[in-house]
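J.: Chains as they are written, first to last, in the working numbering: chain A, 1 to 507; chain B, 1001 to 1507.
Beta carbons: idealized from backbone N, C-alpha and C, even for Gly.
Please read all numbers here as calculations on a predicted model, not as lab measurements.
(1) Excluding sequence positions up to five away, which residues of its chain have a Cβ less than 6 Å from the Cβ of residue 1495 of chain B?
(2) If contact means a Cβ-Cβ distance below 8 Å, which residues of the segment 1151-1163 of chain B contact chain A?
(3) Rounded C-beta distance between residue 1242 of chain B and residue 1226 of chain B? I'm assuming under 8 Å.
(4) Please confirm if the segment 1200-1216 of chain B is in contact with the segment 1272-1288 of chain B, defined as three or more CB-CB distances below 8 Å between the two stretches.
(5) Since I believe residue 294 of chain A is in contact with residue 354 of chain A (beta carbons under 8 Å), could you give me their beta-carbon distance rounded to a whole number of angstroms?
(6) Just to confirm my understanding: we take residue 1158 of chain B, look at its own chain, exclude 5 residues before and 5 after, and list those with CB closer than 6 Å. What are they?
(7) Taking 9 Å as the threshold (C-beta atoms), are residue 217 of chain A and residue 476 of chain A in contact?
(8) List, in order along the chain, the chain B residues whose C-beta lies closer than 7 Å to that of residue 43 of chain A?
(9) Apply the 10 Å Cβ neighbour rule to residue 1002 of chain B and answer buried if 16 or more other Cβ atoms are within range, or exposed otherwise.
(10) In chain order, what residues of the segment 18-39 of chain A put their CB closer than 8 Å to some CB of chain B?
(11) Can you tell me whether residue 289 of chain A is helix, strand or coil according to DSSP?
(12) Strictly below 8 Å CB to CB, what residues from chain B border residue 91 of chain A?
(13) So, is the C-beta of residue 7 of chain A closer than 9 Å to a C-beta in chain B?
(14) What does residue 94 of chain A reach in chain B if we use C-beta pairs closer than 8 Å?
(15) Whose C-beta lies closer than 7 Å to the C-beta of residue 1139 of chain B among residues of the same chain, with five residues either side of it excluded?
(16) Can you name the start and end residues of the beta strand (DSSP E) that residue 231 of chain A belongs to?
(17) Counting contacts by CB-CB distance shorter than 9 Å, is residue 73 of chain A in contact with chain B?
(18) For the segment 170-197 of chain A, enumerate the residues whose C-beta is nearer than 9 Å to any C-beta of chain B, in chain order.
(19) Assign residue 1222 of chain B to buried or exposed, taking buried as 16 or more other Cβ atoms, counted over all protein chains shown, within 10 Å of its Cβ.
(20) Please report how far the alpha carbon of residue 437 of chain A lies from the alpha carbon of residue 505 of chain A, in whole angstroms.
(21) In three-state DSSP terms, what is residue 7 of chain A?
(22) Where do the N-terminal and C-terminal ends of the alpha helix (DSSP H) with residue 1194 of chain B fall, by residue?
(23) Can you tell me the Cα-Cα spacing of residue 263 of chain A and residue 202 of chain A, whole angstroms?
(24) Report yes or no: do three or more beta-carbon pairs, one from the segment 1022-1040 of chain B and one from the segment 1360-1379 of chain B, lie closer than 8 Å?
(25) Grab me the residues of residue 1256 of chain B's own chain with a C-beta within less than 8 Å of its C-beta, minus the 5 sequence neighbours each way, in chain order.
(26) Express the C-alpha separation of residue 1164 of chain B and residue 1154 of chain B in angstroms, rounding to a whole number.
(27) Using a C-beta cutoff of 9 Å, does residue 1278 of chain B count as contacting chain A?
(28) Considering residue 1428 of chain B, what are the terminal residues of the beta strand (DSSP E) in which it resides?
(29) Between the segment 1420-1433 of chain B and the segment 1450-1465 of chain B, are three or more C-beta pairs nearer than 8 Å?
(30) For residue 1104 of chain B, which three-state DSSP category applies?
(31) Of all Cβ atoms in chain B, is any one closer than 9 Å to the Cβ of residue 458 of chain A?
(32) Please state whether DSSP places residue 1377 of chain B in a helix, a strand or coil.
(33) Identify, in the order they occur along the chain, each residue of the same chain with its Cβ nearer than 8 Å to the Cβ of residue 483 of chain A, setting aside the five sequence neighbours on each side.
(34) For residue 299 of chain A, which option in A:469, A:52, A:350 and A:44 has the closest C-alpha, if you only look at C-alpha atoms?
(35) According to DSSP, is residue 1129 of chain B helix, strand or coil?
(36) Start and end of the beta strand (DSSP E) containing residue 154 of chain A?
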């Protein structure tokens, strides 16, 4: 930007990134904190983004042979205890149901009553309760593979919460699959990582690094955890999806056995994988700017808003007639396979107020239509991926003709911009000193901003991983899958290493 | 039926209706009890019916101006206590969260720890927690109406549970709206009752009686509750949806106030309305027969199954080639606005085994295709609404041509059949003796079977309502909206009455 303009969001990203994030959510009316500690309310505009995420991801799951089902919200404590690492990982932060009713406490209030004989845990994830069903469903190799997904709410008692990124209750999908062979389960784990990668890049316009987690960052109970990691505009990493190869750990815990073709009983191989409402946090932090939310057209609740501009009843008549005609034409246009969704904003506010509200809400296109536009049969077009004041008059026929390609262009622009940003802030670092400097905040006023992603060598020793985490709050996000092997020396201890890994600060 | 045939489901409806219901669910693989008391697992075939219910109902909500949002699973106890009748109605059966983690109990197990300062209730319904948000969202008449829906899971600690009909956890949608005037809120309550009526009749093929509940059957805290009631094949009524006019009860409890056009602060008027996975129970009990589930085509997870029949590799080649061609043709056909969904069942089982599995699963159409069908370019067609053995060979072109109308015909047949059944078992009864006889089981072996729906006069006195409930386990299902006023005498006490009401046994 040549000149410093006033922005719709204050503070800006530069001034205070975490606060900017909260303000974007507020200005776009996406969500808010509820009165229940750590639980959020997802408001209609935010929820419709989630609906679009669901719709598209669900189709990708179905196209890869998965079906949906629904399992209980509650997990008996004894089930939860079956897998040692798993319970270790989740027991510290779970909602425990102990009673089945409330009764008069004799002081005008109510107290818990009907104590349960076994406590129930509100699911933080469903491996153990789904495993109990799977052990009944699977008896022969003919029952496999079992490819199930669940859309559900889960609860993890987080201490520090942040809208979308970390909340006590969140919405997600969790895939759970059972296979007759180790190889097939490993392939499934990777296949779903690919589905997440494609979803992130195609729909969220979010370039991601696919990789494997180190042992310390694995899902509790998994043998391998794969992830996709994206860079946010403060250069921190956000884990945007995980896929776990669970080996036979959970089939042993839940007794999922099958008779193989040779007639012998074997433990089955399982996987699980998930993404959550956290993706909305990723979308906000990757694309939004100092004027508010920026939505990728493929996930936007609406593609465009039409703001009619008139001063009196006569002008109104002409303008609204034109707008209605335009709307009926829009109904016939498709953006990829979807209908164009348009909003006519005829509220009793000034044009400027309305336009700025829609900019903050991230709608891809804004059409202002006044008497002069009607006369010249054109629309006054603003694009969310361009500066707010850079609008232009476009003949209506040309606009209708080009609409799908404009939307595609915006989608692609957002992806390219995010990719350029990530590339610019990703470096191969080989000297320990440079590495420490890279992760030291650039200025004291905004301690969150630092170098970005570092690809550096790591010897594989957990002690080096811990040292760096302690010194810099930097973690190994993943061992990237798409980088060639390369010899070098550990950034921490100097010992030989076979691969560069991705180091970053993270959400 | 002329001759008693062996049926796929045992017992039959006649033999033992409640057990028949369980067996249909099992044979169609819709759901099962979980290891968590009262919670069910909805299996893929059952869940996909729910997905179709969601998809179509959601579109109807959106077409009437509603948007989706998501509110917390947990309700602080103090919120719950705000509306006196409401807490009275739900406190006796609710899951209470009292702790936020588990810790070592010193005996190798885990015990609840991190006691909460205020207990949380797992939502049995969300009026109070949603009200807390609405009180922040509404400040002026310009913010109204607020038309919100939520798809969610809810928990009511039921003692006697039954798959789909009554489970501790169930899935539902709950609409919550706020209005500036009493009249508008009343209209909304009735509008959503109409949406439910249309959904039940058009999609579920379920004729329903629209009516108002008596005071004793109202939603706790509501001023008026409207419902739709359907007759099951055991002649009992199943409440299939409710819509509540809440007056200002909940806006007072949650402090939902707005400034009206005159600048004065007023309490807003609210409504709520919901349907749940119970609808799947209604669908099963209204249409299924002694061979299993019967699905209305508009909600069936798939419209047809193709079962290829061959004896050797050469026959297989010919048959599968024909089947693939058929499938590609099917992809281009629409049933109303939806794609035709077909399943090719090429599993390693006999044709007969497969066909019977699909009959039990209720799929509308079955196509058996063997070498002779290929030679004559035809399909061997079975319809789920006709007897299992009544199949016929249809030229493939004719089949493809007529497919949408066959599906529509099946849908209409199911509705007509259910309507005829209801009409046949609905009677205006004016004598107390006849009334008591009507509701007395026909035979001792199957105590559930009785007369059906009785339209009889009621004076309006709660004592008469209670007496009948006590004597016969018969309740007033509703004061029907679509019946003319008519003078008469109360079936219980003989005092004057202004209207016939719907009496029935119910789920």
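T.: Reading it off the structure:
(1) If we look at residue 1495 of chain B and ignore the five residues flanking it on each side, its Cβ neighbours are 1459.
(2) For the segment 1151-1163 of chain B, the residues whose beta carbon sits under 8 Å from a beta carbon of chain A are, in order, 1152, 1153, 1155 and 1157.
(3) Here residue 1242 of chain B really is in contact with residue 1226 of chain B; their C-beta atoms are around 7 Å apart, less than 8 Å.
(4) By the Cβ rule, the segment 1200-1216 of chain B counts as touching the segment 1272-1288 of chain B, because three or more pairs are nearer than 8 Å.
(5) Contact between residue 354 of chain A and residue 294 of chain A is absent: CB atoms are separated by about 18 Å, not below the 8 Å threshold.
(6) So the list reads 1038, 1166 and 1168, once near-sequence residues are dropped.
(7) Going by C-beta atoms, residue 476 of chain A is nearer than 9 Å to residue 217 of chain A.
(8) Within chain B, the residues near residue 43 of chain A are 1069.
(9) For residue 1002 of chain B, the pLDDT reaches just 45, beneath the cut-off of 50, and the residue's location in the model is therefore unreliable, leaving the point undetermined.
(10) So the list reads 32, 34, 35, 36 and 39, given in the order they occur along the chain.
(11) If DSSP states are grouped into helix, strand and coil, residue 289 of chain A belongs with the strands.
(12) By Cβ distance, chain B contributes 1101, 1102, 1103 and 1110.
(13) No Cβ of chain B is located within less than 9 Å of the beta carbon of residue 7 of chain A.
(14) In chain order: 1100, 1101 and 1102.
(15) Excluding five sequence positions before and after residue 1139 of chain B, the CB atoms of its chain that fall closer than 7 Å to its own CB belong to 1258 and 1259, given in chain order.
(16) Here the beta strand (DSSP E) through residue 231 of chain A covers 224-231.
(17) Closer than 9 Å: yes.
(18) The segment 170-197 of chain A vs chain B, Cβ under 9 Å: 171.
(19) Burial is judged here by how many other beta carbons sit within 10 angstroms of a residue's own beta carbon; residue 1222 of chain B has at least 16 and is buried.
(20) Looking at the two C-alpha atoms, the distance is approximately 13 Å.
(21) Judged by DSSP in its simplified three-state form, residue 7 of chain A adopts coil rather than helix or strand.
(22) Per DSSP, the unbroken alpha helix (DSSP H) holding residue 1194 of chain B starts and ends at 1182-1202.
(23) The straight-line gap from Cα to Cα measures roughly 45 Å.
(24) Judged by Cβ distances under 8 Å, the segment 1022-1040 of chain B makes contact with the segment 1360-1379 of chain B, as three or more pairs qualify.
(25) Contacts found: 1131, 1134, 1135, 1138, 1178, 1250, 1267, 1268 and 1270.
(26) When the Cα atoms are used, residue 1154 of chain B and residue 1164 of chain B turn out to be separated by approximately 13 Å.
(27) Closer than 9 Å: no.
(28) Looking at the DSSP string, the run of the beta strand (DSSP E) that includes residue 1428 of chain B is 1426-1428.
(29) A contact exists between the segment 1420-1433 of chain B and the segment 1450-1465 of chain B.
(30) Residue state for residue 1104 of chain B is assigned as strand, using DSSP reduced to three classes.
(31) Cβ-Cβ to chain B under 9 Å: no for residue 458 of chain A.
(32) Residue 1377 of chain B falls in the coil class under three-state DSSP.
(33) Excluding residues within five positions, the ones whose Cβ falls inside 8 Å are 455, 499 and 500.
(34) Of all alpha-carbon atoms in A:469, A:52, A:350 and A:44, the one lying nearest the alpha-carbon of residue 299 of chain A is that of A:52.
(35) In this structure, residue 1129 of chain B counts as helix in the three-state DSSP scheme.
(36) Residues 146-155.
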